[in-house]
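Only one structure is covered here, and it is reproduced in the block below.
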Amino acid sequence: MLFHKIKNVEALDNLTLQVLFENGEKRFYDLNKLIEANKDFEILKNNNDLFKLVKVDIQGYGVYWNDYLDISCDEIYYCK
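Going left to right, the sequence shown walks through residues 2 to 81 as the numbering used here numbers them.
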């Protein structure tokens, strides 16, 4: 299986992530859709400081905020 590994992530306004993949592609991921589908992510809507702390997983297979909140690289790549 081919994974679209992440090189860099930046938290933008309006709960949007700007994600740079190792292949050079840049995608924008709107978390508002994810929050509607999964209420676990609602904390990011109410806590902008936490939202800005997003990091790339050490292997590049996703982004995360803490042990409970993460998004896979393929979710971001295919569901922009």
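Think of the CB as a built atom: it goes at the ideal place given N, C-alpha and C, for glycine as much as any other residue.
Whole-number beta carbon distance between residue j and residue i, since they are thought to touch under 8 Å
i	j	result
Lys6	Phe22	7 Å
Tyr62	Lys56	Wrong, their Cβ atoms sit about 12 Å apart, outside the cutoff.
Reference residue i, options the options, closest by Cα
i	options	result
Tyr78	Leu54, Gln19, Lys40	Gln19
Ala12	Lys46, Ile59, Phe4, Asp68	Lys46
Leu54	Gln60, Asp68, Tyr62	Asp68
Phe52	Ile59, Ala38, Gln60, Phe42	Phe42
Cβ shell of residue i (< 6 Å), same chain only, five flanking positions each side left out
i	result
Asp31	Thr17
Val10	Leu18, Val20, Val55, Val57, Val64
Range covered by the beta strand (DSSP E) that runs through residue i
i	result
Glu11	7 to 13
Leu3	Per DSSP, Leu3 belongs to no beta strand (DSSP E) and is neither H nor E.
Leu16	Here Leu16 belongs to no beta strand (DSSP E), and DSSP marks it neither H nor E.
Continuous alpha helix (DSSP H) stretch holding residue i: start and end
i	result
Lys27	Taken as a continuous stretch (DSSP letters only), Lys27 belongs to no alpha helix (DSSP H), being part of the beta strand (DSSP E) at 27 to 31.
Glu86	Because the chain here runs from 2 to 81, residue 86 falls outside it and cannot be looked at.
Lys40	First-last for Lys40: undefined, no H or E at that position.
Own chain partners of residue i with C-beta closer than 8 Å, once the 5 adjacent residues on each side are dropped
i	result
Phe29	Leu13, Thr17, Leu18, Gln19, Val20, Lys81
Q | Runs of beta strand (DSSP E) wholly within the region 50 to 81 (minimum 3 residues, chain order) | A | Runs found: 63 to 65, 71 to 73.
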